[in-house]
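With the numbering used here, letter number 305 in the sequence shown gets 309, and the count goes up by one each step, no holes. Idealized CB from N, CA, C, for every residue including glycine. Everything on this sheet refers to the single structure shown next.
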Amino acid sequence: MVLGTSSGAGKSLMTAAICRVLLRRGEQPLPFKGQNMSLNAWVDPAGGEMAYSQALQAWAAGLEPNVAMNPVLLKPRGDSTSEVIHLGRSVGTARAEHYYRDWFRPGWQAIRHGLERLADAHPQGRLVLEGAGSPVEVNLQARDLTNLRLAQYLRARCLLVADIERGGVFAQVVGTLELLRPVERPLIRGILINRFRGRRELFDEGRSWLERRTGVPVLGVMPWLAELFPPEDSLDLLERRGRKTGADLEIVVLRLPSLSNFSDLDPLEAEASVGLRWLLAGEDLGQPDAVILPGSKQTLRDLAALQRSGAADALRTYVAAGGHLFGLCGGLQMLGAELLDPLGLEGEASGVAEAPHSRAWSGLGLLPLRTRFGASKATAQRRVVSLWPPGPPLELEGFELHHGRSESQASPLTAEADLGWWQPCGGRGGLVAGTYLHGVFDNGPWRRRWLNVLRQRRGLAALPEDQPHHRHQREALLDRLAAEFEAHVDLRPLLA
């Protein structure tokens with residue numbers, strides 16, 4: 005089990021690294037995180053929701069992602085409530101102050117069912133568990149679902165990860181170990197220092213001190229990795245600071261208050277010719293080559309934020325002047341003329357005081373699109389054929405994950421006309437498009453064709469379209485991660 009001294013210590017990637025290392029050694033690792041709180045989600049082949057980080061770990065383990073690997077997923081709604089997902093299906097909404105009272109027993113039951121499913125499917129597999137946050141939040145320990153309760157239940161050998169980049173690594177490690185109960189302390193078999201910059205020998209004295217002070221061996225010191233990996237949660241977006249220089253295209257992404265599924269943008273981050281600039285609603289758009297309105301957990305709430313901040317008017321002005329605007333999922337819904345919420349599923353939390361009693365809201369009015377929210381949620385993997393951008397049809401794969409059904413008179417983006425639309429807007433070459441298909445940019449030929457539309461407007465040479473799916477690049481990154489892990493970490497005390 006991989007535990008961390010704090011959130012963001014690097015547990016998710018270290019778990020993925022261990023999965024890939026074990027796979028390369030001939031074992032079948034089984035990634036598992038009992039409970040995760042994230043708005044970055046994936047849909048498995050059966051249409052179940054799970055955290056994207058566990059999907060990444062599944063790929064590292066050579067497996068198809070399955071909700072059994074993340075039996076409890078909490079999706080924050082921004083008002084001290086979260087949607088509760090058990091084994092891939094939405095089972096209700098929880099308030100923060102009542103979560104452990106109302107959801108502890110059902111959550112533990114879901115976790116045990118997830119473990120049973122994995123054991124049945126892979127009886128010879130080795131579980132590789134990931135904890136959540138810190139394992140020693142003393143006010144929560146009695147109702148811990150996914151850290152030391154699970155480690156004790158499975159008698160897991162635990163690796164404690166600490167992030168030296170944030171400073172205070174000695175206090176992180178010693179403080180965490182001091183707060184463990186006597187029955188828990190023997191579970192910790194090793195310490196991993198993560199994100200170290202510079203020569204490892206410079207930490208030799210610190211390594212020796214930690215081992216003398218704690219009696220726990222330091223199994224490795226992982227260097228700072230320059231490779232870009234999907235972040236665990238939206239706080240990590242604060243660290244995305246436009247590191248590229250000399251990119252041909254600039255694409256602005258609006259960092260919505262309830263931003264979700266931002267892993268959709270990873271393939272664009274990986275394009276050498278593209279620089280992404282993340283902006284808060286209301287910040288100056290400038291004159292980018294395109295603007296992306298990403299997914300949202302609370303579409304009406306984020307639409308209201310765009311309207312209050314002046315970003316809605318800025319987007320209309322941008323498109324009228326010839327800009328290209330692309331919406332993903334909730335972002336697509338906001339582009340439309342009208343959004344209907346007859347059951348009050350989103351409107352009650354939207355924060356729009358002027359919402360009419362009919363529960364109808366005006367969108368940005370940039371696509372002739374009408375969306376109605378209902379009780380059911382679309383969760384399915386899809387394979388479709390693209391009709392736009394212009395050119396020979398391309399096969400696309402991805403997944404749907406959204407409330408709301410939309411209808412439009414605009415031109416369909418795919419041969420199945422329920423997944424996206426596009427149309428020119430304004431008299432200066434402006435264009436508005438959007439899709440419900442998460443992972444659309446993972447499709448290499450389609451991504452390059454879209455980028456070439458932008459490049460043509462700039463008079464730039466077209467990029468080759470014969471690009472592999474983003475999964476191939478992801479596989480190479482996971483192999484690189486595993487190689488670095490094996491070079492810097494001794495796993496033997498965890499595998500005995």
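Limits of the unbroken beta strand (DSSP E) element including residue i
i	result
Gln176	Counting along the chain, Gln176 falls outside any beta strand (DSSP E), though it belongs to the alpha helix (DSSP H) covering Val173 to Glu182.
Val165	Cys162 to Asp167
Lys379	It is worth fixing the name first, because residue 379 is Ala in this sequence and not Lys. Its beta strand (DSSP E) spans residues Leu373 to Val389.
His474	From DSSP, His474 is part of no beta strand (DSSP E) but of the alpha helix (DSSP H) over His474 to His492.
Arg99	Arg93 to Arg99
Gln427	Gly424 to Pro428
Ala437	Leu435 to Thr439
Ile132	It should be pointed out that residue 132 corresponds to Val in this sequence rather than to Ile. Here the beta strand (DSSP E) through Val132 covers Arg130 to Leu133.
Ala414	First-last for Ala414: undefined, no H or E at that position.
Residue i - partner residues in DSSP beta bridges
i	result
Met41	Leu78
Trp107	Bridge partners of Trp107: none, in fact.
Gly224	Leu196 and Val493
Trp282	Val257
Trp365	Leu343
Met54	Trp46
Trp63	Trp63 is not bridged to any residue.
Phe266	Paired residues: none, contrary to the question.
Val88	Leu78 and Gly96
Ile22	Ile22 is not bridged to any residue.
Leu404	One point to set straight first is that residue 404 is Glu, not Leu, in the sequence displayed. DSSP output for Glu404 lists Ala384 as bridge partner(s).
Pro33	Arg130
Beta carbon of residue i nearer than 8 Å to that of residue j
i	j	result
Tyr440	Leu336	yes
Gly434	Ala324	yes
Ser57	Asn70	no
Ala318	Leu343	no
Glu101	Thr383	no
Arg130	Gln61	no
Gly82	Ser267	no
Ala341	Leu373	yes
Leu214	Val177	yes
Ala251	Val278	yes
Ser415	Gln427	yes
Ser138	Thr85	no
Ala315	Gly334	no
Spatial neighbours of residue i in its chain, beta-carbon cut-off 6 Å, leaving aside the 5 residues before and after
i	result
Glu134	Val6, Lys15, Thr19 and Lys37
Ile22	Val132
Leu164	Leu7, Ile192 and Ile195
Gly331	Leu297, Leu339 and Gly438
Asn447	Leu400
Cβ-based neighbour list, residue i, same chain, cut-off 7 Å, excluding 5 preceding and 5 following
i	result
Pro393	Arg453, Trp454 and Val457
Arg245	Bear in mind that a pLDDT of 49 at Arg245, under 50, signals an unreliable position, so the number given afterwards is only what the model happens to contain. Correct list: empty, nothing qualifies.
Boundaries of the alpha helix (DSSP H) in which residue i is found, first to last residue
i	result
Trp392	Careful: Trp392 lies outside any alpha helix (DSSP H) and carries neither H nor E.
Arg217	Asp208 to Thr218
Gln311	Thr303 to Ser313
Ser277	That residue, Ser277, is in no alpha helix (DSSP H); it is neither H nor E in DSSP.
Neighbourhood of residue i by C-beta distance below 8 Å, restricted to the same chain and skipping five residues each side
i	result
Pro110	His90 and Val95
Arg432	Ala324, Ala325 and Gly326
Residue i CB to nearest heavy atom of the ligand NAD below 7 Å
i	result
Ala487	This structure does not include the ligand NAD; it has no bound ligands of any sort.
**OP:** Take every Cβ of the segment 398-412, pair it with every Cβ of the segment 383-390, and state whether three or more of those distances are shorter than 8 Å.
**Re:** The segment 383-390 and the segment 398-412 touch, with three or more beta-carbon pairs separated by less than 8 Å.
Original post:
Per the contact definition of three or more C-beta pairs closer than 8 Å, is the segment 463-479 in contact with the segment 491-498?
Top reply: Touching, no.
Original post:
How about the segment 219-227 and the segment 190-206: do they share at least three Cβ pairs that are nearer than 8 Å?
Top reply: In the pairwise beta carbon analysis, the segment 219-227 is classified as touching the segment 190-206: at least three pairs are separated by under 8 Å.
Original post:
So, do the segment 177-191 and the segment 73-87 have three or more beta carbon pairs nearer to each other than 8 Å?
Top reply: The segment 73-87 and the segment 177-191 do not touch, with fewer than three beta-carbon pairs separated by less than 8 Å.
Subject >> Cβ pair count under 8 Å reaching 3, the segment 143-162 against the segment 120-128 >> reply: With a cut-off of 8 Å, the segment 120-128 and the segment 143-162 do not count as touching, because too few Cβ pairs lie within range.
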